[in-house]
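Enquirer:
Residue numbers (our numbering), protein chains in the order written: chain A, 117 to 449; chain B, -2 to 266.
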């Protein structure tokens, strides 16, 4: 339903967004993921009409909306700061867009009731945003985006101002809501956990460009670039130089077994369910080559202890050291 | 040390307050007592409203009051309108020469209106607006101070709030009216108070540009009423003064709390 083709945005002489191409299908939850400053928010603003692209086209439901004003695109949007109007009550905030678009009174009321039920704001309708908690503000912002019944809803890091516990709850809730309403969502985040757990499809961006587009498991199992490999997963994938190639292997895929590659423990970081072990696997005389591995339970290794590590070949990824892109044999479709 | 300092600052605050309020207290004293008590204090002095009656009869206060209200309202409404649009443009719109336009506005803040009296008189005379409401109001229909104040306030409105309103379908004037104006409400209140009290009390320009009762505001009317050639009767003058400032005083007393809060909010002192 949404097609973004060749979209770029230049500030001064810096290409903040460089040749963006992706599509959002009906009812799909797409995460725009990337580190801060990678251009994901600018991309979202261009889709919303709040920024004007320098090149490229944006199509919504077959209609070219590239240079349409934000109010004419019929999108819902949730902002990081919630962007609630402090002088209006919760109810007036939710109905803001419907009033601006002069939707009939009884239709407004009907939609308000159903939306308030969905997000659970029943008893707070007459309060001002200043009297609400962060989570409640987030719900109002969500309600305001949903009530327009727009097909596409844009979310710009909507959970980053919430505390960790609430963030987890809202994550599940937003995903459930999206599936129940069959909304298409573009969700901007720098948090890989949010993207992996909520999205149907992830668009991974870095430095204004798309690194990889795929299902969450694609990004995890078949990273297209070294950047993708290291951005997804915690701790990030180990990248080990091997001749003219780079070897990649995730910490959770490395086992400590006899008869493998020799290594020397540097430090252990106990996390409860598992321990992150930092080891040096350089052979004598080489420069240091560090890997992290995830060891189940509480590992009792001492520093300088010699260990032997091993991973199955199917967990090994290969990247070209010049282009830093994957040279794995891709499964043929 | 700090308690001494606090005590001292409290004392000086009271002292300044008393000095400030004394003329007002005197006006009340003189206005409510017979003329023979105008310059002597006595607790047994009889109270009277006679001075108000004679002041009201001697001068067309009703007409002066009407003139002042019309002129102040005309100026205020026009200032709010012009300053809102100009302030918004200077704060939020990117246009060629924005910095220069702002510099011009700020420069205007430094020009004393009195300097322009002769020039303004000539202009208004050319326009045929001498001795009219518009004549009194025209030089003040826009306010550099108001433009600057609203620009500063509009600049503090978060970008995301504006973005949200745009996505929800607002643009142009409706965006200003439904988002920026309500958010800047305390600033509007503070600015209105400053503007009303300034123009209610403005004297020199109205004196120059008005000739008859038709457009003469209270301040000018009072001055003519109390001019030495008509004989100085302090009691009657005090009564007239109270009539003149009465509405303003009442307005301030009723909205005292809101006014002070909005001044703190708008950062005007």
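C-beta atoms are modelled at their ideal positions from N, C-alpha and C, and glycine is treated no differently.
How would you list, in chain order, the residues of chain A whose beta-carbon sits under 7 Å from the beta-carbon of residue 125/B?
Expert: Here the premise fails: no neighbours, minimum Cβ distance about 44 Å.
Enquirer: Please report the distance separating the alpha-carbon of residue 79/B from that of residue 142/B.
Expert: Taking the straight line joining both Cα atoms gives about 12 Å.
Enquirer: Comparing C-alpha positions only, which one of 186/A, 398/A, 440/A, 443/A sits nearest to residue 425/A?
Expert: That would be 398/A, whose Cα lies nearest to the Cα of residue 425/A.
Enquirer: Please state whether DSSP places residue 177/B in a helix, a strand or coil.
Expert: If DSSP states are grouped into helix, strand and coil, residue 177/B belongs with the helices.
Enquirer: Taking residue 186/A as the query, report the chain B residues whose CB atoms sit under 7 Å from its CB, ordered along the chain.
Expert: The contacting residues are 163, 164.
Enquirer: Interface residues of chain B around residue 246/A at Cβ under 7 Å?
Expert: By Cβ distance, chain B contributes nothing, its closest Cβ being about 13 Å from residue 246/A, past 7 Å.
Enquirer: In or out: residue 59/B buried (at least 16 other Cβ within 10 Å) or exposed?
Expert: The residue in question, residue 59/B, is exposed, as its Cβ has fewer than 16 Cβ neighbours within 10 Å.
Enquirer: Would you kindly work out how many angstroms separate the C-alpha atoms of residue 236/A and residue 155/B, rounded to a whole number?
Expert: Roughly 27 Å separates the two Cα atoms.
Enquirer: My assumption, with CB atoms under 8 Å, is that residue 184/B sits in contact with residue 239/B. Please give the rounded CB distance.
Expert: About 31 Å separates the two Cβ atoms, so there is no contact after all.
Enquirer: Go to residue 322/A, then tell me how far its beta strand (DSSP E) extends in each direction, as first and last residue.
Expert: Here the beta strand (DSSP E) through residue 322/A covers 317 to 322.
Enquirer: Quickly, what does DSSP pair residue 364/A with across the bridge? List them, please.
Expert: Note: residue 364/A sits in a beta bridge opposite 355/A, 433/A.
Enquirer: Cα separation between residue 231/A and residue 262/A?
Expert: Each residue's Cα considered, the two are about 7 Å apart.
Enquirer: Give the straight-line distance between the Cα atoms of residue 104/B and residue 140/B, rounded to the nearest whole angstrom.
Expert: One C-alpha to the other measures close to 12 Å.
Enquirer: Tell me residue 303/A's beta-bridge partners as DSSP assigns them.
Expert: Answer by DSSP bridge pairing, in chain order: 147/A, 271/A.
Enquirer: Between 226/A, 285/A, 296/A, which lies nearest to residue 310/A when the distance is taken from Cα to Cα?
Expert: Here the closest residue by C-alpha is 285/A.
Enquirer: Bridge partners for residue 426/A per DSSP, in chain order?
Expert: According to DSSP, which records beta bridges pairwise, residue 426/A is partnered with 371/A.
Enquirer: If we define contact as Cβ-Cβ less than 8 Å, is residue 20/B a contact residue for chain A?
Expert: Answer no: the Cβ-Cβ gap between residue 20/B and chain A never drops below 8 Å.
Enquirer: Spell out a yes or no on whether the stretch 145 to 157 of chain A and the stretch 294 to 312 of chain A are touching, meaning 3 or more CB-CB pairs, one atom from each, closer than 8 Å.
Expert: Yes: the two stretches touch, three or more of their Cβ pairs being nearer than 8 Å.
Enquirer: Is residue 207/B near residue 217/B, with beta carbons less than 8 Å apart?
Expert: In contact: residue 207/B and residue 217/B (Cβ atoms closer than 8 Å).
Enquirer: Take residue 376/A as the anchor and find which of 223/A, 429/A, 260/A, 436/A has the nearest alpha-carbon.
Expert: Selected option, being the one with the closest Cα: 429/A.
Enquirer: For residue 180/B, return the contacting residues in chain A, with the cut-off set at a CB-CB distance below 9 Å.
Expert: Simply 201, 202, 203.
Enquirer: Looking only at its chain, what residues have a beta carbon closer than 8 Å to the beta carbon of residue 197/A, apart from the 5 residues adjacent to it on each side?
Expert: Here the set comprises 277.
Enquirer: Does the stretch 62 to 80 of chain B come into contact with the stretch 251 to 262 of chain B, if we say contact requires no fewer than three beta-carbon pairs (one atom in each stretch) closer than 8 Å?
Expert: No, the stretch 62 to 80 of chain B does not touch the stretch 251 to 262 of chain B.
Enquirer: For residue 328/A, which of helix, strand or coil comes out of DSSP?
Expert: If DSSP states are grouped into helix, strand and coil, residue 328/A belongs with the strands.
Enquirer: Go ahead and pull the three-state DSSP assignment for residue 1/B.
Expert: Reduced to three states, the DSSP call for residue 1/B is helix.
Enquirer: Going along the chain, which residues of the stretch 139 to 162 of chain B sit with their C-beta nearer than 8 Å to a C-beta in chain A?
Expert: So the list reads 155, 157, 158, 160, 161, 162, given in the order they occur along the chain.
Enquirer: Would you identify the three-state DSSP class for residue 449/A, choosing helix, strand or coil?
Expert: Reliability of the predicted coordinates at residue 449/A is poor, the pLDDT of 42 falling under 50, and the value obtained from them is presented with this limitation in mind. Residue 449/A falls in the coil class under three-state DSSP.
Enquirer: For the stretch 166 to 199 of chain B, which residues have a CB atom closer than 8 Å to at least one CB atom of chain A, in sequence order?
Expert: Under the 8 Å Cβ criterion, the stretch 166 to 199 of chain B contributes 166, 167, 168, 171, 175, 176, 179, 180, 182.
Enquirer: Could you check which residue in 118/A, 159/A, 152/A, 142/A has the C-alpha nearest to that of residue 134/A?
Expert: With distances taken between Cα atoms, residue 134/A lies closest to 159/A.
Enquirer: Would residue 351/A and residue 392/A qualify as a contact pair, given that the criterion is a beta-carbon distance under 8 Å?
Expert: Their beta carbons are under 8 Å apart, which means residue 351/A touches residue 392/A by this criterion.
Enquirer: Quick one: does residue 195/A have its CB under 8 Å from some CB of chain B?
Expert: So yes, residue 195/A belongs to the interface.
Enquirer: Can you grab the Cα-Cα spacing for the pair residue 172/A / residue 194/A, in whole Å?
Expert: One C-alpha to the other measures close to 25 Å.
Enquirer: Who are residue 395/A's beta bridge partners in DSSP?
Expert: Paired residues: 381/A, 407/A.
Enquirer: For a contact defined as C-beta to C-beta under 7 Å, what are the partners of residue 212/A on chain B?
Expert: 165, listed in chain order.
Enquirer: May I have a chain-ordered list of the alpha helix (DSSP H) segments no shorter than 4 residues that lie completely inside the stretch 212 to 256 of chain A?
Expert: The qualifying runs are 221 to 235.
Enquirer: From the DSSP output, which residues share a beta bridge with residue 412/A?
Expert: 390/A, per the DSSP bridge assignment.
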